[in-house]
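Below you'll find the structure, written out as structure tokens, and then a few comments.
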Amino acid sequence: MVGEIGTLLIGLSLAVALYAAFAAWRGIQLSIVPASTAQGKTCGLNTLLQSAQNATYALAALLGAALLMLLLAFLTDHFEISYVAQHSSTVIPVYLKISAVWAGQEGSLLLWCFLQALFAALATGNASERARPLVPWATVFLSLITAFFVAVTLFLSQPFTLLPRPPLDGRGLNPLLRHPGMIFHPPALYVGYVGLAIPFAFAMAALITRQIKEWTAAIRTWTLVAWLGLGLGLLLGMRWAYDVLGWGGYWGWDPVENAGLLPWFTATALLHGAVMQEEKRGFHVWNMLMVTFSFVLVLFGTFATRSGMIQSVHAYAVSDLGGYFLSAIAVTLAGALILLYSRRAVLKTSSSTAESLLSRDGMFFVTLALFTALTVSVLVGSLLPTLTEALAGQRFEAGPAWFDRVTGPQFAVLVLVIGLCPLLGRGVAALKRLRQLRWVVIGGAVVVPVIAALVGFTGGISLIGFAISGFAGAATLAEFVDGVVTRRKRTKEAPLNALWHLLRLQRRKYGGYLVHLGVILMALGIIGTRMYPFEAQTTVSVGEATTVGDYTLIFEELKSDFVADYSTTWANVSVYRGSTYLTTLQPRLNRYTGTKQTITVPAMHPDFREDLYLILSGWTSDGTIATFKVVVNALVNFLWLGGLIFLAGGALALWPRMENRTWNAVALIVGLVLLFGAGWAMWGIPHGSVSYGGGRPLVGQSAPDFRLSLLDGETVSLASLRGQVTVVNFWATWCPSCVEEMPDLQAAWEAYSNRNVTFLGVAYQDDAATVRDAMAEYGTTYAVGLDTGDRIAEQYGITGIPETFIVGPDGRVAYVHVGPITAAALSAQLDVLLK
Amino acid sequence: MQNKTTFIVAGLLLVAAVIYLIVSSTGSTAQFFVTVAELQAMGEEAMQRNITVSGAVLGETIVYDALAPRVIFTVVNVPADTKEIEQRGGLAQVLHDAVEDPNGPRLVVVYDSVKPDLLQNEAQAIVRGKMGADGRFYADELLLKCPSRYEEEVPAQAGD
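From first to last, the protein sequence lines are chains A and B. Sequential numbering of the first sequence, starting at -9, is according to the numbering used here. Sequential numbering of the second sequence, starting at 9, is according to the numbering used here.
What follows is the structure in structure tokens.
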């Protein structure tokens, strides 16, 4: 039933979308009538246009209902629907069932349709007074765009297709998609994609009606929404790749990633161009081109990732959508460019007024040019195999190295421009501020690379990058300081108070600068991770220490367990820097029984300077030897922090002017909660990092002192045994491998009891009676005591037993053994120490 | 008028710089993209340059040494041309046919890293690296695609 209703809703949507386009078009036609008959027709015109407007509302409602039906089908396990059976199962938690709605092509297209219809309804219904004349034509275009996506969904990629024989349970969600970020990542990106259709539709409407000025008022908010959605989607995708894919990176220049990045570039350019246009400083042609390219790139991205034309790791099925999208791209591009050419006279009357390249206007020009260059570069890279085959007959492919090399210098110039922009005023005043602030920006350009060099980043090119970032950071921060100082002169507020009011009252300006600050911080992270990559592989046996970079890793043990529909195996690895214990990392490998997929779950230790990122690669069947991949990502946390500031700045710039104070406060709190939530998800939760007390003392370190109450009532302290060799054995009667080593320990004790050696048995989480019984059974004669409250075990970083430490006469740890020890191994160590 | 010239010069400089970056990077870091059959036709030349080759993974040939770690597997030739793939019934069908074809050109790939989760029979492997003197392909990078396997396999229902 759910399936049939869903299909019906999508079918109705297509009819309504086509009707809306027709009604709006007919309404426009009827409104262009000779003045003499205008009186009689106005009524009809209004009704038709009003009807078109109502149809856009109905369209959003119908598609919303269809999406709800699909959600319902997922929540109530309607496995007779093929799409539900493929992406869900009875065992997965509810939040994953929700994200499974857009886990595949069919569902994601339906979400796309709904968002497109919703945005179209909001944009046409709430258009500002000045943009209102554009609404009828914008409705025509937006309805046609929605109709295209609905038709693709209905005829080529139906989410409600029924299975002839419904299965009892579904396939379950692809384990790779089981990440909280995946709930928000696709919708955020789609907000960006569909959002870009709005300024495009209004642009075409403006060109047709020759009302360029009205267009300005209509675009900014929607461009900002789309741009912020794309930015959020890209950042979530990066973090998802970092957390889930287990290759240690966050951006691989994959064609699907590029498909999201390209419209973001053009949207950023459009956003800057829109500012100039609002200030009546030209840029009309640029903006028209950017808005067209943004929308075409959205179509191109959708086409490229689903046509199989571009090789990608994103597991979208190759489908027959390609041809339809290619036609849509051709029609859109040709139509828009022809329209643009035919209206060149209207656009030219308002051409650029920039006086000099070294001025604010000049910098906006450079910004737009740079973003265009970046777009072209990434597009060329994505299409390189196709392009080179056509040009040279050989297929060349662009890997990450190609993209880094081509875009790196361009990004560097972009950050430089971010720094220059606030320093340049308009017109003749251009260089005045630069002179005022020269010491501040020179300071920034010197201090940042010096600090970077002091903590070990000394590569020449990276230092140039750090200097540019420092320069841009200082220039941007100076804007904030300047604003606060000026305001305080007038209001005598406290500095923080003044900053708060500044952010509140000039949201767009300071939101923009916050975004710039975020980008500068991200630049630091990108320089660190791209120019100082560190990756190593190491194979170690249980208890063995290995040094990787600045870190010493000790593989403690391998464990495994069954959870829901997968089995998980993890290693406990103690991490030291030098001889200081940092944490214990637990990298995992999950095997899903249903899909036979294995998923690596990396563990990481985040730090200001770098992340230590550990992946469990393999192990021997007895679990005594394991292989790890170790990745050190330098400065990567600057990237994530920059991303958060970037989003905060974008949200600030977008913040609507609400009259109601309560709603303002609620929205502010929600925004802050989301930001802190994202921060907590990145640095608050452990990511496979567990701390065990102080960690195990390493060989050569002094053994932590302890007092042990022996079973015979006496107390012994380790300090009192200074000058002797002491064997400290952690064990328990409930642990089979501890019981297994008892005869060996006793044998060694008997062999060395007349030498300068003491044996101490520390019974871990045990009780006196059972320990006495076990000692009697195995004839243990060395001193044994209970570790009440696990105090000693904590001091020695015990994560499992048995473990044996040998402390030398100097009170330092001479030997550590994890797991059952043999008499031979003990003798070998004792002989060396007693020599 | 002089200002307009500055803008044009700046724009042209940017265009020139970007063209230089693209052309020089394509020469130095871009990789030759070939099929298994084309790679074998290249002969000696294949050992000197960075190559990307794509093929269908033969599931039973996958040998994984978790401790090295090293994966060795064989890929079978699949056509690179999208039109040809479409004509033969889509990528999934082409991969399936390639694995079933005993006469298709084959290539042994050596990949010194962890076995990726998606490395399985009939997956499309895209490997980047160099041809070794021993006739095996030494990959630095391995990308995998399972175009439809995951989506197609809906479990058989009870009583079927």
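Just so you know, even glycine gets a beta-carbon here, dropped at the ideal spot from N, CA and C.
Taking the alpha helix (DSSP H) that residue i belongs to, which residues open and close that run?
i: A:His262; result: Pro245 to Glu268
i: A:Ile675; result: Where A:Ile675 is concerned, there is no enclosing alpha helix (DSSP H), given that its DSSP letter is neither H nor E.
i: A:Ile188; result: Gly171 to Thr199
i: A:Asn654; result: Arg651 to Gly669
i: A:Arg428; result: Arg428 to Leu444
i: A:Phe150; result: Looking at the DSSP string, A:Phe150 is not in any alpha helix (DSSP H), and its letter there is neither H nor E.
i: A:Thr(-3); result: Val(-8) to Ser21
i: A:Ser699; result: No alpha helix (DSSP H) holds A:Ser699; the beta strand (DSSP E) holding it covers Arg697 to Ser699.
i: A:Lys338; result: Arg334 to Lys338
i: A:Val761; result: Ala758 to Tyr768
In terms of residues, what are the limits of the beta strand (DSSP E) holding residue i?
i: A:Leu167; result: No beta strand (DSSP E) holds A:Leu167; DSSP gives it neither H nor E.
i: A:Gly751; result: Val747 to Tyr754
i: A:His68; result: Segment: none, A:His68 is in no beta strand (DSSP E) and carries neither H nor E.
i: A:Ala388; result: Unbroken run through A:Ala388: none, as it is neither H nor E.
i: A:Trp609; result: Glu600 to Trp609
i: A:Asn562; result: Tyr556 to Arg567
i: B:Ala133; result: Gln132 to Met139
i: A:Gly775; result: Ala773 to Asp777
i: A:Phe355; result: Counting along the chain, A:Phe355 falls outside any beta strand (DSSP E), though it belongs to the alpha helix (DSSP H) covering Arg350 to Ser372.
i: B:Ala38; result: B:Ala38 -> no beta strand (DSSP E), and no H or E assigned at all.
i: A:Phe461; result: No beta strand (DSSP E) holds A:Phe461; the alpha helix (DSSP H) holding it covers Gly450 to Thr481.
i: A:Thr542; result: Tyr541 to Val553
If you compare alpha carbons, which of the options is closest to residue i?
i: A:Ile811; options: A:Ala804, A:Val822, A:Pro792 and A:Asp800; result: A:Pro792
i: B:Val84; options: B:Ile27, B:Val135 and B:Gly19; result: B:Val135
i: A:Trp752; options: A:Leu634, A:Trp205, A:Val396 and A:Tyr786; result: According to the sequence shown, residue 752 of chain A is Val rather than Trp. Checked all of A:Leu634, A:Trp205, A:Val396 and A:Tyr786; the closest Cα to A:Val752 is A:Tyr786.
i: B:Lys138; options: B:Val44, B:Ala64 and B:Asn129; result: B:Val44
i: A:Gly518; options: A:Trp630, A:Gly160 and A:His491; result: A:Trp630
i: A:Arg745; options: A:Leu824, A:Val797 and A:Ser710; result: A:Leu824
i: A:Leu225; options: A:Ala259, A:Trp241 and A:Thr213; result: A:Trp241
i: A:Gly389; options: A:Ser372, A:Asp159, A:Ala196 and A:Val445; result: A:Ser372
i: A:Ile510; options: A:Val403, A:Gln496, A:Phe524 and A:Arg581; result: A:Val403
i: A:Gly97; options: A:Gly(-7), A:Phe598, A:Val445 and A:Trp392; result: A:Gly(-7)
i: A:Val776; options: A:Met194, A:Asp702, A:Thr558 and A:Asp244; result: Strictly speaking, residue 776 of chain A in this sequence is Leu, with Val absent from that position. Nearest of A:Met194, A:Asp702, A:Thr558 and A:Asp244 to A:Leu776, Cα basis: A:Asp702.
i: A:Ala320; options: A:Phe401, A:Leu348, A:Val288 and A:Glu704; result: A:Val288
i: A:Gln576; options: A:Leu369, A:Tyr603, A:Thr583 and A:Tyr582; result: A:Tyr603
Bridge partners of residue i, per DSSP?
i: A:Asn623; result: A:Asp601
i: A:Ile615; result: A:Ser531
i: A:Ala280; result: This sequence places Met at residue 280 of chain A; Ala is not what is there. Answer is none; A:Met280 lacks a bridge partner.
i: A:Asn580; result: A:Thr558 and A:Ile589
i: A:Tyr571; result: A:Tyr566
i: A:Ile796; result: A:Val717 and A:Tyr805
i: B:Val117; result: B:Phe81 and B:Phe145
i: A:Val680; result: A:Thr574
i: A:Glu525; result: A:Val621
i: A:His595; result: A:Leu602
Below 8 Å, can you find three or more Cβ-Cβ pairs linking the region 210 to 226 of chain A to the region 178 to 190 of chain A?
-> yes
Is the region 365 to 376 of chain A close to the region 245 to 253 of chain A, with three or more CB pairs under 8 Å?
-> yes
Flag this pair as touching only if the region 494 to 512 of chain A and the region 628 to 648 of chain A have three or more C-beta atom pairs under 8 Å; answer yes or no.
-> yes
Cβ pair count under 8 Å reaching 3, the region 727 to 744 of chain A against the region 804 to 824 of chain A | yes
Only counting runs of 3 or more residues, tell me where the beta strand (DSSP E) segments fall wholly within the region 707 to 741 of chain A, in order along the chain.
-> 715 to 721
Evaluate contact between the region 93 to 110 of chain B and the region 9 to 27 of chain B, counting only Cβ atoms and requiring at least three cross-stretch pairs below 8 Å.
-> no
What residue ranges within the region 51 to 103 of chain A form continuous alpha helix (DSSP H) runs of no fewer than 4 residues, ordered along the chain?
-> 72 to 77 and 84 to 90
Run through the region 40 to 107 of chain B for me and flag every whole alpha helix (DSSP H) of 4 or more residues, listed as ranges in chain order.
-> 44 to 50 and 90 to 95
Do three or more CB pairs link the region 778 to 787 of chain A to the region 692 to 711 of chain A at distances below 8 Å?
-> yes
Should the region 315 to 326 of chain A be called in touch with the region 276 to 291 of chain A, which here means at least 3 C-beta pairs below 8 Å?
-> yes
Using 8 Å as the threshold, is the region 139 to 156 of chain A in touch with the region 200 to 216 of chain A, meaning 3 or more CB pairs across them?
-> no
Is the region 750 to 764 of chain A touching the region 717 to 736 of chain A in the sense that three or more CB pairs, one from each, lie closer than 8 Å?
-> yes
Segment contact, 8 Å Cβ cut-off, at least three pairs: the region 223 to 240 of chain A with the region 585 to 599 of chain A | yes
Between the region 434 to 442 of chain A and the region 488 to 498 of chain A, do three or more beta carbon pairs fall short of 8 Å?
-> no
Looking at C-beta atoms only, is the number of pairs between the region 606 to 619 of chain A and the region 539 to 550 of chain A that lie closer than 8 Å three or more?
-> yes
Is it a yes or a no for the region 161 to 170 of chain A touching the region 85 to 103 of chain A, going by three-plus beta-carbon pairs under 8 Å?
-> yes
Given 8 Å, three or more beta-carbon pairs between the region 68 to 78 of chain A and the region -2 to 17 of chain A | no
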